[in-house]
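Visitor: Before we start, here is the structure in question, set down as structure tokens.
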Amino acid sequence: MADTPLPPQFAEWFARKGWEAHPHQLDMVARAADPATLLIAPTGGGKTLAGFLPSLIELADGTHEGLHTLYISPLKALAADISRNLRTPVEQMSLPVRIEDRTGDTSATQRKRQRADPPHILLTTPESLALLISYEDAPRIFAGLSRVVVDEIHALAESKRGDQLMLALSRLQALAPGLRRVGLSATVEDPPALASLLARHPDPCPVLMADPGPPPDIAMLTTAQAPPWAGGGGAYALPEVLAAVKAHRTTLIFHNTRAQAEIFFHALWLANDEALPIAIHHGSLAREQRQKVEAAMVAGDLRAIVCTGTLDLGIDWGDVDLIIQIGGPKNVKRLVQRIGRANHRYNAPSKALLVPANRFEVLECQAALDAAAAHDLDGEPRGPGPRDVLCQHILIRACAGPFAADDLYAEVTSCGAYAALPRADFEACLDFAATGGYALKAYDRWQKLMQREGLWGLRDPRAAQRIRMNIGTIQDSELLKVRLRGRGGKPLGEVEEAFAASLTEGDTFLIGGEIVQYVGLKELTVQVSRAASRAPKIAVFGGTKFAASTRLAQRILALLHGNWSTLPPGIQDWLALQRDTSRLPRGDRLLVESFPHDGRAHTCFYGFAGRNAQQTLGLLITRQMEELGLDPLGFVATDYATLIWGLEPVQDAAPLLAPEVLRDTLEGWLAQNAVMKRTFRASASIAGLIERNLPQSRKNGRQATFSSDILYDTLLKYDPDHLLMQITREEAMKGLVDFGRVEEMLARVAGRVDHLTLDRVTPMAAPLLLEVGKVPVAGAGRERLAAEEAAALMAKAGLAP
Amino acid sequence: MNAHAFTLAGTALHARPTGALWLPAQRLLCVSDLHLGKSERMARRGGSLLPPYETQATLERLEAEVSALAPKTVVCLGDSFDDLDAALSLPDEMRLRLQSMQAGRQWLWIEGNHDPGPVDLGGTHLGEHHAAGLTFRHIARPGCAPGEVSGHYHPKHRLPRAGTSRPAFLYDETRLILPAFGAYTGGLRAHTPALRALFATRAIAVLTGPQALAVPL
Numbered sequence: 149m150a151d152t153p154l155p156p157q158f159a160e161w162f163a164r165k166g167w168e169a170h171p172h173q174l175d176m177v178a179r180a181a182d183p184a185t186l187l188i189a190p191t192g193g194g195k196t197l198a199g200f201l202p203s204l205i206e207l208a209d210g211t212h213e214g215l216h217t218l219y220i221s222p223l224k225a226l227a228a229d230i231s232r233n234l235r236t237p238v239e240q241m242s243l244p245v246r247i248e249d250r251t252g253d254t255s256a257t258q259r260k261r262q263r264a265d266p267p268h269i270l271l272t273t274p275e276s277l278a279l280l281i282s283y284e285d286a287p288r289i290f291a292g293l294s295r296v297v298v299d300e301i302h303a304l305a306e307s308k309r310g311d312q313l314m315l316a317l318s319r320l321q322a323l324a325p326g327l328r329r330v331g332l333s334a335t336v337e338d339p340p341a342l343a344s345l346l347a348r349h350p351d352p353c354p355v356l357m358a359d360p361g362p363p364p365d366i367a368m369l370t371t372a373q374a375p376p377w378a379g380g381g382g383a384y385a386l387p388e389v390l391a392a393v394k395a396h397r398t399t400l401i402f403h404n405t406r407a408q409a410e411i412f413f414h415a416l417w418l419a420n421d422e423a424l425p426i427a428i429h430h431g432s433l434a435r436e437q438r439q440k441v442e443a444a445m446v447a448g449d450l451r452a453i454v455c456t457g458t459l460d461l462g463i464d465w466g467d468v469d470l471i472i473q474i475g476g477p478k479n480v481k482r483l484v485q486r487i488g489r490a491n492h493r494y495n496a497p498s499k500a501l502l503v504p505a506n507r508f509e510v511l512e513c514q515a516a517l518d519a520a521a522a523h524d525l526d527g528e529p530r531g532p533g534p535r536d537v538l539c540q541h542i543l544i545r546a547c548a549g550p551f552a553a554d555d556l557y558a559e560v561t562s563c564g565a566y567a568a569l570p571r572a573d574f575e576a577c578l579d580f581a582a583t584g585g586y587a588l589k590a591y592d593r594w595q596k597l598m599q600r601e602g603l604w605g606l607r608d609p610r611a612a613q614r615i616r617m618n619i620g621t622i623q624d625s626e627l628l629k630v631r632l633r634g635r636g637g638k639p640l641g642e643v644e645e646a647f648a649a650s651l652t653e654g655d656t657f658l659i660g661g662e663i664v665q666y667v668g669l670k671e672l673t674v675q676v677s678r679a680a681s682r683a684p685k686i687a688v689f690g691g692t693k694f695a696a697s698t699r700l701a702q703r704i705l706a707l708l709h710g711n712w713s714t715l716p717p718g719i720q721d722w723l724a725l726q727r728d729t730s731r732l733p734r735g736d737r738l739l740v741e742s743f744p745h746d747g748r749a750h751t752c753f754y755g756f757a758g759r760n761a762q763q764t765l766g767l768l769i770t771r772q773m774e775e776l777g778l779d780p781l782g783f784v785a786t787d788y789a790t791l792i793w794g795l796e797p798v799q800d801a802a803p804l805l806a807p808e809v810l811r812d813t814l815e816g817w818l819a820q821n822a823v824m825k826r827t828f829r830a831s832a833s834i835a836g837l838i839e840r841n842l843p844q845s846r847k848n849g850r851q852a853t854f855s856s857d858i859l860y861d862t863l864l865k866y867d868p869d870h871l872l873m874q875i876t877r878e879e880a881m882k883g884l885v886d887f888g889r890v891e892e893m894l895a896r897v898a899g900r901v902d903h904l905t906l907d908r909v910t911p912m913a914a915p916l917l918l919e920v921g922k923v924p925v926a927g928a929g930r931e932r933l934a935a936e937e938a939a940a941l942m943a944k945a946g947l948a949p
Numbered sequence: 005m006n007a008h009a010f011t012l013a014g015t016a017l018h019a020r021p022t023g024a025l026w027l028p029a030q031r032l033l034c035v036s037d038l039h040l041g042k043s044e045r046m047a048r049r050g051g052s053l054l055p056p057y058e059t060q061a062t063l064e065r066l067e068a069e070v071s072a073l074a075p076k077t078v079v080c081l082g083d084s085f086d087d088l089d090a091a092l093s094l095p096d097e098m099r100l101r102l103q104s105m106q107a108g109r110q111w112l113w114i115e116g117n118h119d120p121g122p123v124d125l126g127g128t129h130l131g132e133h134h135a136a137g138l139t140f141r142h143i144a145r146p147g148c149a150p151g152e153v154s155g156h157y158h159p160k161h162r163l164p165r166a167g168t169s170r171p172a173f174l175y176d177e178t179r180l181i182l183p184a185f186g187a188y189t190g191g192l193r194a195h196t197p198a199l200r201a202l203f204a205t206r207a208i209a210v211l212t213g214p215q216a217l218a219v220p221l
């Protein structure tokens, strides 16, 4: 103990607890003065304490006035959880340290008090921090700030929330120049890249690696029944899942989408004849519901939680000893991070079971098992900092008071992601925030930001309220609250507006594990009543669908031509049948199959490029088919293939896949498609063009609001080079459009297209026919059918067309 | 472009795919809720700085209808401007375009709830207009005599196979409500009680878009 950097008070506390400080915890204390440090440690490795030890040591003498350490986590629940856990050492060592959390759930009174009299340690989220720095008194609040701890930084770095956070840190660094940064992360594929995101550019940021612990124990769940051909529910595995739950203390059952989690939970509950305490947790549930589940879990009252990615992060759930992943893991890194959640005791292997939801996912699960065993993590390199987030940051900065463009540019380029931002791009974002940035200079009199005596500021200070109401980068597509009918009806959760719009009175659906019946829409709330039926009529509402990573897709292709012996016999038969009736897809060739089915011509493209890219491929090919008069009607895309159907058969697929033709089609098509419009909506609301939230008084009827599609169409026609259109194209190319992976696939197959014409559905294409999420093609074929439908409806009503 | 032909109070009408109404015998073109100057008004009130092109976009569509049909009379059915200040701050170019459309024909501005006063842009300002056995007013009046043509509600309707909802004409034997013609206008679902209650059980919605699609409401 002689060379420990721990002060006696802390060394004694560890000794009293019978603990020995982990080497990485001591390392963090030794490096406390470094400007930036990234710690990579498995869950259960005392990572959070490692992050906080230096703060507690610095605060121990009680001389620090005001805020000392800011802790940022991606989840509100995590902030609350850490606040509880951190109080233990503080109380046991009688440290004069005040700890509080501040999230969207904190009361207004409490938040006001925190601004006037900040605690020593404040636990918050990126969004709440962005709001804090928008206040005029931010310089006073953050004056004494010494350390910032970013927890689960690997998760934040995957989205724009990370960019927003780093911009906020650049602001904090300007207010508190001595600020030191610490990042806490799970295993990632490229630690130095994450470190450079965290540190103030160009500060160095050493990476500390904690002992990763023993390798996890992962296997595919053996089931009596073979997985179905299509779908994502995993219901066939219910008996074995239930048996596994019974055999373990606490199990987390992960699903890829909220809808799947709901359906599975409902089925599990019906099969749960021993009435084991099982709960559900996902992002669409009402806050009260989620908190109840979290509390029950912490208290050790639950045997299983059916959940989605909202539980991915390191909330200390205590005694989880089994992770079950239902559905293909899509991404090996996320799988490994998820599995790290099981068995929080350091140095005990985590245990996980994979449950493929359909036959194709058996291949995916096997490929993921191989990759995890080989420590072959996947990850796409991060691009430069997104400009829509910068636009929002400029508005936030303006709320806090006047600023000089030079100063803000210097702050922004101190973020790793924005270090290479050209001044001209910064000016374009500033111009957008100030004037709208239109080619037609229409708002001279009504600019949002104005330059006065060389400093930029809000023209109308009242705008600050509206800007603050719209802070954040999370794109929850228009969500509507679901409540039980009646005064003060119990809130059940949220559904997407598009889903709500598809409901008619009497429809039943699942939410929070309950079957409810749609009653009506009342002031943006979906009113429901409890339904007695055992099966919901409609069970689908949105939720994130991840694309399988490039690495995983490559591993699956390799597996198709490799050793099948690890695969279940049913899968081997299926692959053999595909090989004998058609061919097996290969990485260096593109297999295309055409066959008639149900009176329509079908063509299937096995690109293995991931869901988004396969979707783009579907849109590009149907567009060409439209021009060729093949009257395509729709398509469906999975991670591995795109199936298109239409009125006329495709004779030769190769010309449809010529890279230059696809690229040209993309240019013309990008302009006019729903994916672009969705991307535009996201970027426009982040950049502040679309206000998601308005002050109550301005909400006057729905006919006053109009779709962002109209704004997109208008810009496309009159100002196609507008900043937001540039951002939209850029975002779509890497995001939903993912043309990068289409290009990668085209390069991989280099024109080697095998187009087979068959007389019936092939074994590999059959599951696609059962997929949900079919995309209709808005073209001549569709307009023809719509006219027919209208005429039929008129005739049925006895009216002349 | 195929319009939907029907009659209201004995007068032959065409619901055009653009959202404009055409009376062939009278050579009368009627459009509703242009909301010109909407983006300017929002910016003035401290809201978003929306793309300032909606006036141009709306006038271009109106010009296309005027040059295709060469109407004798054009009736703008109210809420032609997002507010009276928006009318005053109409850019000169837009003012000229409006004036050249007005040349050689009768132009009627019906008063709306957004633009309740006269504007200095040529044409005649009226509370209501009576022609061809029809009454043109901005907001439908419950219990009116058959033959009422109005706007205000921005109706939209959805046909499952045609995808998303589209601005729509709604009519029965008594009245017709036009969709909004302006570029930056949202829509009110045809089944919203306040709107649906204005119509008899048997009513028709005519969806605008690539073609006019009539369906029972």
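Chains as they are written, first to last, in this note's numbering: chain W, 149 to 949; chain R, 5 to 221.
Cβ coordinates follow ideal geometry from the N, Cα and C atoms, glycine included.
Given the structure is predicted, the values throughout are model-derived calculations rather than measurements.
(1) Please list, in chain order, the chain W residues whose beta carbon lies closer than 7 Å to that of residue 151/R.
(2) Determine the chain R residues that contact residue 858/W at a beta-carbon separation under 7 Å, and present them in chain order.
(3) Hey, residue 184/W and residue 353/W are a contact pair by Cβ (cut 8 Å); roughly how many whole angstroms apart?
(4) So, for residue 237/W: in the same chain, excluding its five sequence neighbours on each side, which residues have a beta-carbon less than 8 Å away from its beta-carbon?
(5) For residue 613/W and residue 277/W, what's the separation of their Cα atoms in angstroms?
(6) Between which two residues does the alpha helix (DSSP H) harbouring residue 2/R extend?
(7) Does DSSP put residue 730/W in a helix, a strand or coil?
(8) Can you find the residues in the same chain that come closer than 7 Å, C-beta to C-beta, to residue 831/W, ignoring five residues on each side of it along the sequence?
(9) Less than 9 Å between the beta carbons of residue 547/W and residue 616/W, yes or no?
(10) Going along chain R, which residues have a C-beta under 7 Å from residue 608/W?
(11) Roughly how many angstroms lie between the CA atoms of residue 306/W and residue 527/W, to the nearest whole one?
(12) Residues of chain R with CB closer than 8 Å to the CB of residue 866/W, please, in chain order.
(13) Determine the extent of the alpha helix (DSSP H) in which residue 160/W is found, giving its start and end residues.
(14) Does chain R have any CB closer than 9 Å to the CB of residue 385/W?
(15) Determine, for residue 163/R, whether the minimum Cβ-Cβ distance to residues of chain W falls below 9 Å.
(16) Answer yes or no: does any C-beta atom of chain R fall closer than 9 Å to that of residue 176/W?
(17) Under 8 Å between beta-carbons, which chain R residues line up against residue 126/W? List them in chain order, please.
(18) Please report whether the beta-carbon of residue 944/W lies at a distance below 9 Å from any beta-carbon of chain R.
(19) Could you work out which residues of chain R lie near residue 830/W, taking near to mean beta carbons separated by less than 7 Å?
(20) Quick one: is residue 206/R near chain W, going by C-beta distance under 9 Å?
(21) For residue 35/R and chain W, any beta-carbon pair shorter than 9 Å?
(22) What's the gap between the Cα of residue 473/W and the Cα of residue 695/W?
(23) Check the DSSP bridge columns for residue 656/W and list the partner residues they point to.
(24) Would you list the one or two residues that DSSP bridges to residue 211/R?
(25) Taking all protein chains shown into account, do 16 or more other C-beta atoms lie within 10 angstroms of the C-beta of residue 114/R, making it buried, or fewer, making it exposed?
(26) If the cut is a Cβ gap below 9 Å, which residues of chain R does residue 596/W touch?
(27) Only counting the same chain, and skipping five residues up and downstream in sequence, which positions put a Cβ closer than 6 Å to that of residue 110/R?
(28) Excluding the 5 residues preceding and the 5 following residue 829/W in the sequence, name in chain order all residues of the same chain whose CB lies nearer than 6 Å to its CB.
(29) Take the Cβ of residue 622/W as the centre, count every other Cβ of all protein chains shown within 10 Å, and call the residue buried at 16 or more, exposed below.
(30) Any C-beta of chain W within less than 8 Å: which residues of the segment 18 to 44 of chain R qualify?
(31) Which residues does DSSP pair with residue 113/R in a beta bridge?
(32) At a Cβ threshold of 9 Å, is residue 218/R touching chain W?
(33) Distance, Cα to Cα, residue 703/W vs residue 161/R?
(34) How is residue 152/W classed by DSSP in three states: helix, strand or coil?
(35) Anything in chain R within Cβ reach of residue 938/W, meaning under 7 Å, just list it in chain order.
Guide: A quick look at the data gives this:
(1) The premise fails here: residue 151/R is roughly 20 Å from chain W at the closest Cβ pair, so nothing lies under 7 Å.
(2) 187, 188
(3) 4 Å
(4) 161, 197, 204, 243
(5) 16 Å
(6) Here chain R comprises residues numbered 5 to 221, so residue 2/R is not present and cannot be evaluated.
(7) coil
(8) 536, 872, 875, 876, 879
(9) yes
(10) 50
(11) 10 Å
(12) 55, 57, 60, 61
(13) 156 to 165
(14) no
(15) yes
(16) no
(17) With chain W covering 149 to 949 only, the question about residue 126/W has no answer from this structure.
(18) yes
(19) Under the 7 Å cutoff, chain R gives no residues; its nearest Cβ is about 16 Å from residue 830/W.
(20) yes
(21) no
(22) Here the alpha carbon of residue 473/W sits roughly 16 Å from the alpha carbon of residue 695/W.
(23) 665/W
(24) 172/R, 217/R
(25) buried
(26) Neighbours of residue 596/W on chain R, chain order: 47, 50, 52, 53.
(27) 77
(28) Correct list, in chain order: 856.
(29) exposed
(30) Here the close residues are 43, 44.
(31) 80/R, 129/R
(32) Residue contact with chain W for residue 218/R: present (Cβ-Cβ distance below 9 Å to some residue of chain W).
(33) Using only the alpha carbons, I get a separation of about 48 Å.
(34) Correct three-state label for residue 152/W: coil.
(35) 163, 217, 218, 219
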